[in-house]
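Residue numbers (numbering that gives the first Met the number 0), protein chains in the order written: chain R, 0 to 168; chain Y, 0 to 135; chain U, 0 to 321; chain L, 0 to 369; chain V, 0 to 206; chain W, 0 to 149; chain Z, 0 to 165; chain G, 0 to 104.
Each residue gets a CB set at the ideal place from its N, CA and C atoms; glycine is no exception.
Only a predicted model underlies this, so the values are computations on that prediction, with no experimental measurement involved.
Step one of this worksheet: look at the structure below.
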Amino acid sequence: MSLLIATISFYLVVAATVVGAVIAVAARNIFHNVLGLALSLIGVAGLFLYLNSPFVALMQILIYVGAITIAICFAIMLSQPLYLPAPPRNPLKIQGAAFGAGLVFIFLGLLTRQTLWTPAAERVHDWSITTIGHYLLTQYVVIFELISLLLLVAMLGAIVTARGGRGGA
Amino acid sequence: MHKGWRLEIPEALTDFSYVLVFLVAAALFALGPLIIAHFIAPRSFGAARDEIYECGMPIIGGAWVQVAVIYYLFALLFLAFDVDVLFLFPVLLAYGKGYVWRDFIEITIFIGILSLVIVYAWCRGVFTWKRKPENL
Amino acid sequence: MATAAHSVSVFGMIAGLIGVMALVAVNALFLIWMERKVSAHMQLRPGPMEVGWHGAIQTIADALKLLGKELITPRDVDKPVYLAAPIVIFLPVLVSFLVIPFSQNLIIRDMHVGVLLILSFAALTVLAILMAGWASNNKYAVFGAIRSVAQNVAYEIPLLITLMSVILMVGSFRLTDIVAAQNRIWFVFVQPVAFILYIICATAETNRAPFDLPEAESELVAGFHTEYSGMRFALFFLAEYTNMFIVAALATIFFLGGWRGPFLPGLVWFLIKVYAIIFLIMWFRWTFPRVRFDQLITLSWKILIPLALANLIVTAFVLKLV
Amino acid sequence: MLERGLEEKFYVLNLGPQHPSTHGVLRVELQMEGEFIVKADPDIGYGHRGHEHMAENRSYLQFLPNLGRVDYLHALAYNQCYCMAVEKLLELKVPERAEFIRVITCELNRIASHLLWIGAYLLDLGAFTPFLYCFDDRENILDLLDRVTGSRLTYCYYRFGGVPRDVDDDFLAGCKAFARRLRSRYRDYENLVNKNVIFLERTKGIGIISQEQCVKYGLTGPMVRGSGIPYDLRKCEPYSAYPLFDFDIPVGSTGDIYDRYMVRYREMEQSLRIIEQAVDKIPAGPIMAEKVPKRIKPAPGEVYTAVEAARGEFGIYLVSQGDTTPYRLKLRVPSFGNLSILPEIAVDTLVADLVAILGSIDVVVPEIDR
Amino acid sequence: MTSYVREILTGFYSLLAGMGVTIRYFVKPIVTVQYPREKLQMSPAYRGHTEFVLDPETKTHRCIACELCARTCPSQLIHLEGVKVGKKKLPSKYVIEYHLCSLCGLCVEVCPTQALQFSKEYRLAGYSRQDAVIDVFARMQAQQRRLGWPVTPIPEPQPEAEGEAEAKPKAAKAKAAAKKAEQPPEAEAAPAAPETPAAPAEEEKET
Amino acid sequence: MLLNELTQALSRLNLAQVAPGDYAKTGCHLEVEAAPAQMPEVARLMLEKGCFLESLTAVDFPEHFTLVYHFNHFRELCRTVVHARVPKEAEAPTISHIYPAANWYEREVYDLFGLKFAGHPDLRRILLPFEADFHPLRKKFAPSETPADA
Amino acid sequence: MEKKTGEPLIHLGVLEEALNLARANSLWPMTFGLACCAIEMMAAGAARFDLDRFGAGVFRPSPRQCDLMIVAGTISKKMGPAVVRLYEQMPAPKWVIAMGNCAISGGPFFYPEMYAIVPGADLLIPVDVYVPGCPPRPEGLIEGILLLEEKITGRGRLRKFRNAAE
Amino acid sequence: MPAFNQLNTYLYLAVILFCLGLYGVLSRRNLIAVLISVELMLNAASINFMAFNRFLAPHPAVGQIAALFIMAVAAAEAAIALSIIVALYRKLKSINIEQANELRG
Ligand code: SF4
Ligand code: SF4
Ligand code: SF4
């Protein structure tokens, strides 16, 4: 019973991920793409839950759905005259893309299949958020500070670029 | 209690099952009235019924218009701070568990660097709305 | 603890679900009535009077009426998105109730990531608003949505940061822990600035006046739900009022000691505090003019966020000292 | 209409005719770029009722009720102006008591109009409650006016040569009581509105009108007074009994929305002063001129009269050809000129500001459209 | 920096002041007149639609069907028919299309016999345009009935039999009224009062 | 004194008539008769003297239209009325480039009388629906018998 | 003018009545004023009269969320199409109150040569209740709303109120 | 063993996601759609990190930190990319890749 529910939920999550991803890449309306992405990302958050990390899952929703998709939406509204009909697609390009992606898929799939993963010899079972914080403050403090720097630089760059560089358009 | 009523799965997952059930329930909760309304509501006719409302006039041009850059900039700023928050959350839980001074300084540096984003945006006049900012 | 946390009580879940749904419905009905009464009395008039005792079943009539209203789907809307938006906006609302402790024992699921659950699912609300506005293909709706989203994201940051000050003091995301930490003194006295900031941000997050720009009647007609009729519109309404309850509940938990209080049972205290906060928010609405949109955004970035950050650092510093 | 020359990044937003903040049926076509207005084009006429055409088809007397409906918020000033015009043509002398009654009722009506404006304006700014307080005060005026004129809104009270119904002492006492009441409410308005930081932020420095613009656009009323020009026909071109009273003309300095608000706000106090003086000094005597002809058939000629209505100068240009009906009657309505400046001051503002500016012009759309 | 802080503080204070006002009004008693339950006293001058003055002496109207009112009315909405009864004229029909009226009062003022007045009626909502057409004559009859006064019948045209054509209208009118008062009320001749819910079935008093 | 100044300045313009008005009777201090073609000149002069355009309208006389301009001054009461006779079917020059206020007034005159203004930037109907095909204040106007065709 | 509304998909006897009761008690009017009468409509919503007592005080700006269109004022020829459009954009069931003489028949502005107005809202849209007056007092509008309630439910409290008020 | 308890399930999912993203990157002409696809690919990486973290890593914090780090990078990347797109659009009035290529010249 418990297994059943967990499995059903799992397939729901997987379905959300994959369907969302398909919408995200295949739908013609760019806004639908974004919504597909959001759905897919929520699915991924669900996967993270199955991977035993609710914190990352929730952060995934907070950041991706709450911030990145929103930013993308705004960028769309800023740059896309949506009332114009979408340009026709290039069938050659689509076929090429499908072929290429298919090849990579087969390669990676086989790779995954063939590899024998070995678990670490000794495993700690501390999943608490505090530990993550502790690591961030100690071992990965450089990364922690670097991230703020990265964001700072990214924002400065983004603002400058979005506003059309220094001195005016 | 009977064993069949208890699911033995990892904690995160049990929490999640609640969330999932609630999500589904919410969707049904929202869907139900819509379906009922579909059946019991009368219909109306009229040429303008299905037109987009715009103060009683025929619409001029589509609604999917280009918005101001400013919104996008705010979304970006938000993005930065959201990520900032994302890292602050675990850090705050760990705060004070080890060397407090070190923690304090690290957090202050982290916030300080991020605050520069606001300072920069402020200086660049992102918060001043003008139709044609001097340096846009 | 371990076994309880690792198992799903189906009975508990279903009971909680039914309870929450009832609460959502009753709360919205009550809040709308309360809003109308409060506003009316501030304006020297009685408000709903004739439908039931002092208009007590006025909102039920409203709800029923909306149920029997035609659902118009305009021709040029983005149909799947248009139809999904009112449902999506409702999802986070119900989920948030999962982790809210109404009293010592009255909590559906005491998760250790409680706050985060509420906060992160709020992102869905934003998305739903964007969907609604976008799909409506109506200029007012699009603008209402964009504004609403810009406003939501602008105020989410100070909201998160103010809450962090409290989390920093408690050291847990679990809502019951936060209440438990206030057994000596309510955090509103320890963190008055954070409380004020929180109330401001909460008002803005729920799109209430003076921050009700997305629905600013005088500019944008009805904002992002301009094109929604009948029950679909009702769902937005319902979500809005339930969100009000949720932010007020968070305020109660974070700053007002949750269910704590003498004499009365915890649940009663909790509800009293929640509705007191809601009254406060209503009081704002019926007093102030609406701020202009750019002022609204800059208020957040220029005043609230710096203040919140400062508050956080001061809290961290003080915690270090004691 | 705006499609011509519409750039791709611009789009058109319709404000009205059914829109909460266009006060009736004004329509403003906005060409927008992002949140900003590139061009605002008011489209009027949705309330066109053909008053001027009616004037040419009705006798002088029969046109009287129309005046109360041109600007229904300050109907009595319009009554006054029309009666003055016809009285000038007929060379009638209005008895003093009638003039006093006219002044009192007209000023009461002006306060009612300003109160309604303040309320509606704050509604535009998003504050709902002051609107109801204003209406509450306004109801008191309506009660008073109802006593003498018999209607609450579209008064048709003045007649050629006087007023048809005398006022009683209760009314006069009521006026004084009302003055006391309104004064006692000032503090609430100040706390609720005038000092409110949100209100100040929304109104200061927005929609500035310079004095040159006033001249070029022929603005009148609080619009010019807000810009610092003390142009008030009650002082500049005294009519009726106004020269007998002592009152000031509040003026603003910068000409922004806030100044226009304050001008109207302070004008209420001046009106109260006039009312109190008039109530104290009201003489006894007849209320109708002695020989008002039964058939009104003025000699050929033309006349222009103007009064200071709540929104500005209301003028009537009347051409008589010696008939029982006017040959031509032109209503020079203040809002028409006042609104015509909107396209100029609305450029480069936000929609929210446009709403605020539009509100500060204080348009009564059927008056513009006539 | 200080100005920044000061701005925040004064702004905050001004908001509190505003909230003080609203909360004070919150506890004040309401000013609402709960209309169908309570009623506002209509002012003596209040203008509803026009109606006949009921002369307390003659217990009937004073109209002499001179049609001055009908001619003066800007909207030409008074539909008046007079018949010669003896040497004087009496109205046999006095209907106003109230939905065209502008309540200007010209008809009341112009009437040589002060036969018209404004009613205090304001509850006139109806289901059709026709509900706003008011038979003033029938209304007067209904009032008379309620007051227990003799009901004035709709006059029949009568030839000038008496031949007192030169009599002053006022005296004639008084006499005629007196004579009419003696006549028994002809209930069947009087049309029933309009029965629409909004029609002015229950009039309070004539002030 | 403004009145004298105006009288003198206007006299220089070669107008048909510049005469003091009977204020008590007509409400105007100065009465001017001008040819329509002279209007821009007059308007420019009035603007120079700081007068504002109080009203602009037309009267439909049997043989001609008369455009009636009222000017006034904010500081000193001095109402100047300018009459300009425009023959039927003729156009009058616009003064809207001098007085922006005239823009709408002229549109209104066009709308109600069908009198065209040459050089007006945006001469279209203002009060009536754009598709209307009549000018109601013309004396011989009779509305079509379709009250409900809206 | 026939009503532009059709029947629901299913009819449920008792429920229908409950719904009608609810509808009658929750008439949300559109924020829509045309001329002078609109001021009296506002006055009816204000403190002295307070339409909200009957649940009819929720003025919604968008026609999609309204049940009731109060045509308050003169409909000019130019405005006519907009009125029709707004009416059609309201979801069923919907009602119209013609408030004021202008909305009933053109009122003071109706005369044979009139070119500018539509003489009566009922020429454009189906009107349910007529409230005469120029302008009607707020009480008149309240009467109109009570009358409309009566029309919707088939029974009403109007008469009761009237009798009580006498 | 249920599917959700196996490493390979997650890895396959990540591969699917990655390839869908790749397909999007290759096939779409709209730059924003390309960005969306890239986000998908990044998420595939995230899944991998988390999966390894769950099943293989010695300490579970490491993988989570890596996932968080990816989010931060994704955010920064999105910010920059979107800004560039917006800027490009302003120059070219289009956000198609083909037109963007012209910029090189
Ligand atoms: S004016 Fe008077 S007397 Fe003459 S018909 Fe009218 S109501 Fe009768
Ligand atoms: S009040 Fe005026 S409009 Fe009404 S009937 Fe009398 S004269 Fe006619
Ligand atoms: S009925 Fe009277 S008050 Fe109402 S709009 Fe018409 S003229 Fe104005």
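| Check | Outcome |
| --- | --- |
| Against chain U, does Z:E16 count as a neighbour if the rule is that its beta carbon must be under 8 angstroms from one of theirs? | no |
| Strictly below 9 angstroms CB to CB, what residues from chain B border Z:M98? | No chain B appears in the structure shown, which is made up of the protein chains R, Y, U, L, V, W, Z and G. |
| Helix, strand or coil for V:A176, going by three-state DSSP, please let me know. | Because the pLDDT at V:A176 is just 47, under 50, the model does not fix this residue reliably, and the point stays unresolved. |
| Give the straight-line distance between the Cα atoms of W:A100 and W:L29, rounded to the nearest whole angstrom. | 21 angstroms |
| At a CB-CB cut-off below 9 angstroms, which residues of chain Y make contact with U:G222? | Correct list: empty, because the minimum Cβ distance to chain Y is about 12 angstroms. |
| Within 8 angstroms of any Cβ in chain G, is that where the Cβ of Y:F86 sits? | yes |
| Measuring alpha carbon to alpha carbon, tell me which residue in L:L357, L:L338 and L:F177 is nearest L:I103. | L:F177 |
| U:R231 lies in the alpha helix (DSSP H); which residues open and close that run? | G229 to F254 |
| Looking at Z:C35 and ligand 2, is the gap between the Cβ and the nearest heavy atom below 7 angstroms? | no |
| Just to confirm, is the Cβ distance from L:R201 to U:P209 under 8 angstroms? | no |
| Return the CA-CA distance between W:Q37 and W:H69, expressed in angstroms with no decimal places. | 15 angstroms |
| If I measure Cβ to Cβ from G:A77 and keep anything under 8 angstroms in the same chain, skipping five residues before and after, which residues do I get? | L34 and E38 |
| In chain U, what lies closer than 8 angstroms to L:T128 by C-beta? | S38, M41, Q42, W285 and T286 |
| Between which residues of its own chain and L:G46 is the CB-CB distance below 7 angstroms, once the five residues before and five after are set aside? | G23, V24, V364, P365 and D368 |
| If you draw a straight line from the alpha carbon of R:A56 to that of R:L36, how long is it in whole angstroms? | 15 angstroms |
| Quick one: does the C-beta of L:P41 sit closer than 7 angstroms to a heavy atom of ligand 3? | no |
| Residue ranges of each alpha helix (DSSP H) run of no fewer than 4 residues wholly in the region 61-138 of chain Z, ordered along the chain? | 79-88 and 100-104 |
| What's the C-alpha gap between U:R74 and Y:D49? | 5 angstroms |
| Starting from the beta carbon of U:A208, find every residue of chain L whose beta carbon is closer than 9 angstroms, and list them in chain order. | G125, A126 and F127 |
| Helix, strand or coil for Z:L11, going by three-state DSSP, please let me know. | coil |
| Under 8 angstroms, Cβ to Cβ, is there at least one residue of chain Y near Z:L11? | yes |
| How would you list, in chain order, the residues of chain Z whose beta-carbon sits under 8 angstroms from the beta-carbon of U:T72? | Within 8 angstroms Cβ-Cβ: nothing; U:T72 doesn't reach chain Z, min ~10 angstroms. |
| Under 8 angstroms between C-beta atoms, does L:N56 make it to chain Z? | yes |
| Name the DSSP beta bridge partners of L:T304, please? | L:I315 |
| Note down, in chain order, every chain U residue with its Cβ under 8 angstroms from the Cβ of Z:P80. | Under the 8 angstroms cutoff, chain U gives no residues; its nearest Cβ is about 18 angstroms from Z:P80. |
| Under 8 angstroms by Cβ, that's how I've got U:G143 and U:G229 pegged, so tell me the actual separation to the nearest angstrom. | Rounded, the Cβ-Cβ distance is 19 angstroms, inconsistent with contact. |
| Would you say the beta carbon of V:V115 comes nearer than 7 angstroms to a heavy atom of ligand 1? | Checking the sequence, you will find Leu at residue 115 of chain V rather than Val. Yes. |
| May I ask which residues mark the beginning and end of the alpha helix (DSSP H) holding V:G81? | Note, V:G81: premise wrong, no alpha helix (DSSP H); beta strand (DSSP E) at I77 to V84. |
| Quick one: Cα of L:I228 to Cα of L:V262, how far? | 11 angstroms |
| Y:H37 by DSSP, collapsed to three states: which one? | helix |
| Go through its chain and collect everything with a Cβ distance to L:G225's Cβ below 6 angstroms, but skip five positions before and after it. | G251, G254, D258, R259 and V262 |
| Please report the residue range of the alpha helix (DSSP H) in which L:K38 lies. | No alpha helix (DSSP H) holds L:K38; the beta strand (DSSP E) holding it covers F35 to D42. |
| Of the choices L:V147, L:E266 and L:F127, whose alpha-carbon is the least far from that of L:P249? | L:E266 |
| In angstroms with no decimal places, state the Cα-to-Cα distance between Z:A17 and V:A131. | 32 angstroms |
| Tell me which residues of the region 101-133 of chain Z have at least one Cβ-Cβ distance to chain W shorter than 9 angstroms, keeping chain order. | G105, F109, P111, E112, M113, Y114, A115, I116, V117, P118, G119, L122 and L123 |
| Out of L:C174, L:R137, L:V11 and L:E95, which has the shortest C-alpha to C-alpha gap to L:R272? | L:C174 |
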